[in-house]
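The structure under discussion appears below in the form of C-alpha cells.
Residue numbers (UniProt numbering): 1 to 428.
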C-alpha cells in the first residue's frame with residue numbers, strides 16, 4: 001500500500017496557489033529624469049523672470065517725454081504778447097516797451113559762454129524802459145511774485161542771468177575775495193548756460209520771490225523760488241501727489257533746478273497759460289502781485305489789495321475771460337478787433353493811481369504786510385521812522401482793518417523790517 005504524504009499534498013496546494021498570484025515586479029517611473037544642468041538652467045530662468053516682473057512693477061520707468069525743440073521766435077512772440085497785455089491793462093505805459101534791435105553786450109555774453117539760443121533770445125525779446133510815465137506800475141517793477149522784469153541791455157542783468165535768485169551775494173560773497181563779476185563766471189550754484197531768466201528776484205540780499213526761468217536745452221518752463229527747491233509753477237498744485245502728475249511733465253531728477261523739481265511744462269504751454277491767467281485777473285496774477293506763502297501767513301494770501309484792483313478793472317469795463325481768450329489766442333485766422341473800447345475810454349488810470357496811493361498807506365512798502373493797528377507795533381515803527389504821517393494817521397483810525405496775525409510770522413516780519421528791500425530799483 002502506497003504511502004500518502006500530507007506535507008507534499010499541502011505543499012503542492014501552496015505551489016498551485018502561488019502560481020495563481022501575479023509575479024512580483026520592480027516599479028519603474030515613466031518620467032524621465034532631467035539632467036542636473038538642465039534643472040539648474042530652469043531654476044535660474046524662473047528667478048530671472050521673477051526679477052524682471054518685480055523690476056517692471058516697482059522700479060522701471062519708461063523713457064521721459066522729450067519736448068519739442070526750443071523755438072526762439074515762438075518764445076519771444078509769447079513774451080511780447082505778455083508785455084503788450086500788461087500795456088493794454090495800463091500797468092505799463094504806452095512807451096515802456098522797447099523792441100529790438102537792442103544794444104546788448106554780445107562780447108560779454110559769449111565770454112560767459114552762454115548758449116547761442118540764450119543769446120539770440122536776449123537779442124530778440126522786448127525790454128521795459130524805466131523812468132517813463134503812463135502806467136500804474138511806477139517804481140514797483142514787478143513781473144511776477146516779487147520778481148522784476150529783466151533787461152539784458154544792462155550788464156548787471158547779463159551776469160545775474162546765471163544767478164537770478166541772488167544766491168551768491170546772500171550765501172557766498174562773504175567767504176570769498178571774488179568780485180560779483182568774477183563769481184558769475186565761476187560759482188558752484190550758477191544756473192546752466194542754457195537757461196535764460198525772464199524775471200529776477202528783486203530786493204537783493206533779503207528779497208523773497210519767484211524767478212521765471214526758461215531752459216532752452218529742454219524747452220521747459222521753471223518757476224524757481226528763494227524759499228526752497230522745486231518748481232513753484234502753480235499748475236502742479238492741482239496734483240496732491242507726484243504719482244497723480246501726468247508723466248508727460250516729468251523731467252530729469254536733480255540738477256540745477258534743485259532736487260525737488262520733478263515736473264515742468266513746456267515753455268509755450270506755460271507762457272500761454274500765464275498770459276491768460278493775467279488777462280483773467282486770477283489770484284496770484286493780478287499785475288504787480290507779490291510773493292505770498294500760505295504756510296507762514298495764510299491770512300495774507302492773497303493780499304486783500306488784489307481784490308480791490310480786480311474790482312476796479314471790472315468796474316472800468318475790462319473784457320470778460322472768453323473775450324480776452326479769443327482776442328489773445330484766436331481760434332481762426334481772422335485777426336480779432338481790439339476789445340478795449342470801454343476800458344480805454346474809462347478813467348481807470350486816474351482811479352488806479354488813487355487806489356495805489358491808498359494801498360501804499362494801508363500796506364508797508366512790500367505791499368504784503370499791512371500797516372499794523374496795534375499800538376505797540378505802531379509806536380515801534382514810528383520810532384524807527386518806518387511809517388509816514390499818513391500811515392500813522394491810518395494806523396490809529398477807525399477804518400476797516402486788514403486782518404493779520406501778529407502772533408505768527410507776520411509779527412516777526414515787522415521786527416526784521418522785511419519790507420525795506422522792496423520798492424527799490426537797485427538790482428542788489
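Heads up, the beta-carbon is just placed ideally off N, CA and C, and yes, glycines get one too.
{"Query": "Just to confirm the assignment, what range does the beta strand (DSSP E) spanning residue 197 have?", "Result": "195-197"}
{"Query": "I want to know whether the stretch 400-408 touches the stretch 366-379 - three or more CB-CB distances under 8 Å.", "Result": "yes"}
{"Query": "Is residue 53 buried or exposed, if buried means 16 or more other CB atoms sit within 10 Å of its CB?", "Result": "exposed"}
{"Query": "Apply the 10 Å Cβ neighbour rule to residue 184 and answer buried if 16 or more other Cβ atoms are within range, or exposed otherwise.", "Result": "buried"}
{"Query": "Below 9 Å between beta carbons: does that hold for residue 295 and residue 216?", "Result": "no"}
{"Query": "Pull up the distance between the alpha-carbon of residue 165 and that of residue 45, whole angstroms please.", "Result": "54 Å"}
{"Query": "Distance check for residue 95 and residue 423, CA to CA, integer angstroms please.", "Result": "Low confidence applies to residue 423: its pLDDT is 44, below 50, so where it sits in the model is not reliable, and the reading given next is rough at best. Rounded to whole angstroms, residue 423 to residue 95 spans 21 Å at the Cα level."}
{"Query": "What are the residues that DSSP puts in a beta bridge with residue 411?", "Result": "Answer is none; residue 411 lacks a bridge partner."}
{"Query": "Return the first residue and the last residue of the alpha helix (DSSP H) that residue 280 is part of.", "Result": "Per DSSP, residue 280 belongs to no alpha helix (DSSP H) and is neither H nor E."}
{"Query": "Cα-Cα, which of 241, 274, 195 and 345 is closest to residue 114?", "Result": "195"}
{"Query": "Exposed or buried, residue 211, counting other C-beta atoms within 10 Å across all chains shown (16 or more means buried)?", "Result": "buried"}
{"Query": "With H, G and I counted as helix, E and B as strand and the rest as coil, what does DSSP make of residue 102?", "Result": "coil"}
{"Query": "Among 138, 393 and 368, which residue has its Cα nearest to the Cα of residue 284?", "Result": "368"}
{"Query": "Distance check for residue 47 and residue 209, CA to CA, integer angstroms please.", "Result": "53 Å"}
{"Query": "Output yes or no for whether 9 Å exceeds the beta carbon distance between residue 436 and residue 328.", "Result": "Nothing in the structure corresponds to residue 436, since the chain is present only between 1 and 428."}
{"Query": "Put residue 225 into one of helix, strand or coil per three-state DSSP.", "Result": "strand"}
{"Query": "Give me whichever residues DSSP pairs with residue 149 in a beta bridge.", "Result": "199"}
{"Query": "Tell me, please, whether the stretch 228-242 touches the stretch 313-324 by the rule of three or more beta-carbon pairs shorter than 8 Å.", "Result": "no"}
{"Query": "Can you check which of these residues, 226, 229, 263 and 86, is closest to residue 244 by C-alpha distance?", "Result": "263"}
{"Query": "For residue 300, tell me which candidate among 364, 410 and 159 has the shortest Cα-Cα distance.", "Result": "410"}
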